[in-house]
Amino acid sequence: MASKAGDDPESLMSLCTVFCLKNLRRTMCYSGEHSRLQLRPDVFLPGEICDRLVNVYMDLLHTDSDFEPQDGFFQLFSDPRSTRLTRLQLREELVLDRDLEAIAKQDLMELHLTYCSRLTSRGLRTLCSFRHSLRSLSLFGCSDIFFRKGGAPLAYSEEDEEDLEEHLHRPSVDQDFSFQGFNRLRLLNLGGLPAELDVETLLRPLPALTSLDLSAVHLPRPAFLTQWKERLASLVLYNVELTEELIHTLLQMRRLRSPSHQRLKTTESNSADVAKLVSLFINVSAVCLQLVITALKTHKYDKSIQVTGSAALFYLTNTEYRSDQSVRLRRQVIQVVLNGMEQYQEVTVQRNCCLTLCNFSIPEELEFQYHRVNLLLLKILEPARQDESIQRIAVHLCNALVCQVDNDHKEAVGKMGFVKTMLNLIQKKLQDRMCDQVMEFSWSALWNITDETPDNCQMFLECNGMNLFLECLKEFPDKQELHRNMLGLLGNVAEVKALRPQLLTKQFITVFSELLDSKADGIEVSYNACGVLAHIMFDGSDVWTMEEPKRSHVMDKMWAAIQSWDVSSRRNINYRSFEPILRLLPQSGAPVSQHWATWALYNLVSVYRE
5 MASKAGDDPE SLMSLCTVFC LKNLRRTMCY SGEHSRLQLR PDVFLPGEIC
55 DRLVNVYMDL LHTDSDFEPQ DGFFQLFSDP RSTRLTRLQL REELVLDRDL
105 EAIAKQDLME LHLTYCSRLT SRGLRTLCSF RHSLRSLSLF GCSDIFFRKG
155 GAPLAYSEED EEDLEEHLHR PSVDQDFSFQ GFNRLRLLNL GGLPAELDVE
205 TLLRPLPALT SLDLSAVHLP RPAFLTQWKE RLASLVLYNV ELTEELIHTL
255 LQMRRLRSPS HQRLKTTESN SADVAKLVSL FINVSAVCLQ LVITALKTHK
305 YDKSIQVTGS AALFYLTNTE YRSDQSVRLR RQVIQVVLNG MEQYQEVTVQ
355 RNCCLTLCNF SIPEELEFQY HRVNLLLLKI LEPARQDESI QRIAVHLCNA
405 LVCQVDNDHK EAVGKMGFVK TMLNLIQKKL QDRMCDQVME FSWSALWNIT
455 DETPDNCQMF LECNGMNLFL ECLKEFPDKQ ELHRNMLGLL GNVAEVKALR
505 PQLLTKQFIT VFSELLDSKA DGIEVSYNAC GVLAHIMFDG SDVWTMEEPK
555 RSHVMDKMWA AIQSWDVSSR RNINYRSFEP ILRLLPQSGA PVSQHWATWA
605 LYNLVSVYRE
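Numbering (my numbering) for the sequence shown: 5 to 614.
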């Protein structure tokens, strides 16, 4: 049986790296002065390990919601005698000027900085420390690195105070930086370089370039590119204005031209070659998926890439390709989807991300990010007026996430505001007089999250849940599935002894008693209403303080309802345990409660023998 793409187990190096980063003070570091991280004096780390530590550290910051930045982390790599760095990939706002300064003594060969928005000209000057060794440098999206904060003139008067304030907050181009001395630099990415910079002056000192990326860069005089016409093998000009002068310049770039195609010679392929081709064909979807993941991680702030990439993830993770994808690869998809949901509130990205999550087995495949995904979905559902399609998908996902999970998970989600959020959605639908999938899914989600979870049942009552139940019954008298979901939820509430007194009112008992006669959804509504009353009756006649309806009359209606049910009925219900039913059997104060419990058990074990 062929292995799935990316299905190789994590290497020991990978596992150890992650463990060390999550336990720095227990492994390679200790707390020094002011509790700052210090490398243990007996530790020496070669380049391969140091590079991996820093690069995985950056990945964890962006993909693991529980991983926190470590103050002074880059300072651990300040001394090349004990730590050696050669190839780093740093990205986004977590990278600061002082981080580059901390590693200034290292002989870096490759440094890729992507969307490092907090780097300034101070960090740019630090790059000069690496000029003797750098072969590859990327400053993609790091536009602020070429600017320095405004400085005050040496003398000014009080009348100039307003002009001074404006000057202090206006960044200015750093005219002192030059690529002079970067003689080994072969690959350079300046994508997104600000228009204020003279790219020709900036690049002219680089004699050895073979690859250059000037995406989205203003090129007023592109002729300067011909200085590398004999060397430049790769030139990326994505989103660059195509002028006549630029076209003329490109035609002179000899190395950029495609080589002449030689006639293909036909040879017999051996079985190994055929096997490789077949394997490549089979795994092409996994390769595409990995490329999309990489693109979304790299271009986290590019809206167009996020929209297109999130749509691609939806198609590449559906059932057709699932069998070729490993657990690890699918987890990477989930992480990048959640990153997109955190970063973008834009409707299209949110919809694509939610749809992609629907392609996974829920809750099993999402459990490793359970807390994070629930928080994001609840955040999506917070706005009073949300896009209807996103709302429907998000509620469906919320419902699936709280179905068939343990009580600890349900209690945690309840504390996040799950119950209140669902009730807010129901309230809005009531105001709109609309009973749609969002309404039904919301009640279903409440049914699931209150199952054997007393704290969530109490939240439901405290958040005006019973009044919403009555309003929904009145507004939508013919919605059978809605009634089933609501009564199933109230059955969970009735199982909590401490909460039952809140159900023991004339209004509620009358409603439950009337629902015993319901034929909606087979016997479901009648069965659930009888279950609520069975638990209330279990508490005895002493708690029944109301004059109407009489306890004996309600019990008679319960007997009649139970007798009318077909014991071979197939039910739309899942019991996680029989304990709430069994609890009603050893007592004599309410025989009708025993009758309901006995009927329920017999129906379950006879119809669902498996």
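Beta carbons: idealized from backbone N, C-alpha and C, even for Gly.
query	result
Do Val-500 and Cys-461 have their CB atoms nearer than 8 angstroms?	yes
Mapping DSSP to helix, strand and coil, what is Val-177?	strand
Is it true that the CB of Leu-342 sits closer than 8 angstroms to the CB of Leu-380?	yes
Please classify Tyr-612: is it buried, with 16 or more other beta-carbons within 10 angstroms of its beta-carbon, or exposed?	exposed
Where DSSP assigns a beta bridge to Glu-114, which residues make up the other side?	Arg-91, Ser-140
Relative to the C-alpha of Glu-583, which residue among Leu-197, Leu-429, Asn-496, Val-558 is closest?	Asn-496
Can you find the residues in the same chain that come closer than 8 angstroms, C-beta to C-beta, to Leu-213, ignoring five residues on each side of it along the sequence?	Leu-189, Arg-190, Leu-191, Leu-192, Leu-207, Trp-232, Arg-235, Leu-236
Evaluate the contact criterion for the region 552 to 572 versus the region 457 to 472: three or more CB pairs, one atom per stretch, below 8 angstroms.	no
Check the C-beta distance from Leu-588 over to Phe-516 and give it rounded, since I have them as a contact under 8 angstroms.	At roughly 16 angstroms, the Cβ-Cβ gap does not stay under 8 angstroms, so Leu-588 and Phe-516 are not in contact.
Around the C-beta of Gly-155, are 16 or more other C-beta atoms found within 10 angstroms, so that it is buried, or is it exposed?	With a pLDDT of only 40 at Gly-155, under 50, the local geometry of the prediction cannot be trusted, and the value read off the model is given with reservation. By the 10 Å Cβ count, Gly-155 comes out exposed.
Taking the alpha helix (DSSP H) that Val-22 falls in, what are its first and last residues?	16 to 26
Given 8 angstroms as the limit, is there contact between the region 389 to 409 and the region 445 to 456, that is, 3 or more CB pairs closer than that?	yes
Evaluate the contact criterion for the region 324 to 343 versus the region 24 to 32: three or more CB pairs, one atom per stretch, below 8 angstroms.	no
Specify the secondary structure class of Asn-473 as computed by DSSP and reduced to three states.	Residue identity check: residue 473 is Phe in the sequence provided, not Asn. DSSP places Phe-473 in helix when its eight states are reduced to three.
On the CB-based measure, 16 or more other CB atoms within 10 Å of its CB, does His-487 come out buried or exposed?	buried
If you run the structure through DSSP and keep just helix, strand and coil, what is Val-703?	The shown model of the chain, from 5 to 614, leaves out residue 703, and the question about it has no answer.
Under 8 angstroms, with one C-beta from each stretch per pair, do the region 215 to 230 and the region 243 to 263 reach the 3-pair mark?	yes
Would Phe-144 be called buried (16 or more neighbouring beta carbons within 10 Å of its own) or exposed?	buried
Between Thr-321 and Thr-360, is the Cβ-Cβ spacing less than 8 angstroms?	yes
Just to check my reading of the structure: Ile-430 and Met-443 have Cβ atoms closer than 8 angstroms, yes? What is that Cβ distance to the nearest angstrom?	6 angstroms
For Asp-440, count neighbouring C-beta atoms within 10 Å of its own C-beta (all shown protein chains included) and say buried if the count is 16 or more, exposed if not.	exposed
Candidates Gln-294, Phe-364, Ser-125: which alpha carbon is nearest Glu-324's?	Phe-364
State the beta-bridge partners of Arg-152 as determined by DSSP.	Ser-176
With a threshold of 16 other CB atoms inside 10 Å of the CB of Pro-13, please say whether the residue is buried or exposed.	exposed
Ser-327: buried (16+ other C-beta within 10 angstroms of its C-beta) or exposed?	exposed
Comparing alpha-carbon positions, which option in Phe-78, Ser-121, Ser-522, Leu-131 lies nearest Met-562?	Ser-522
For Tyr-119, which three-state DSSP category applies?	coil
Answer with buried or exposed for Asn-471, where buried requires no fewer than 16 other C-beta atoms within 10 angstroms of its C-beta.	exposed
So Met-559 and Val-529 are in contact, right, with Cβ under 8 angstroms, and what is the actual spacing, rounded?	At roughly 19 angstroms, the Cβ-Cβ gap does not stay under 8 angstroms, so Met-559 and Val-529 are not in contact.
Keeping to the same chain, check which residues put their C-beta closer than 8 angstroms to that of Ala-316; ignore five residues upstream and five downstream.	Cys-292, Val-296
Starting from the C-beta of Gly-344, find all residues in its chain whose C-beta is less than 6 angstroms away, skip the five residues before and the five after it, and write them out in chain order.	Gln-310, Ser-314, Val-353, Cys-357
Any contact of the region 44 to 60 with the region 71 to 87, i.e. 3+ C-beta pairs under 8 angstroms?	yes
So, using beta-carbon positions, are Leu-19 and Gly-51 closer together than 8 angstroms?	no
Could you tell me which of Gly-127, Gly-526, Gly-593 sits nearest to Leu-117, measuring between CA atoms?	Gly-127
Report buried or exposed for Gln-329, applying the criterion of at least 16 other Cβ atoms within 10 angstroms of its Cβ.	buried
Determine the contact status of Lys-307 and Glu-350, defining contact as a CB-CB distance below 8 angstroms.	yes
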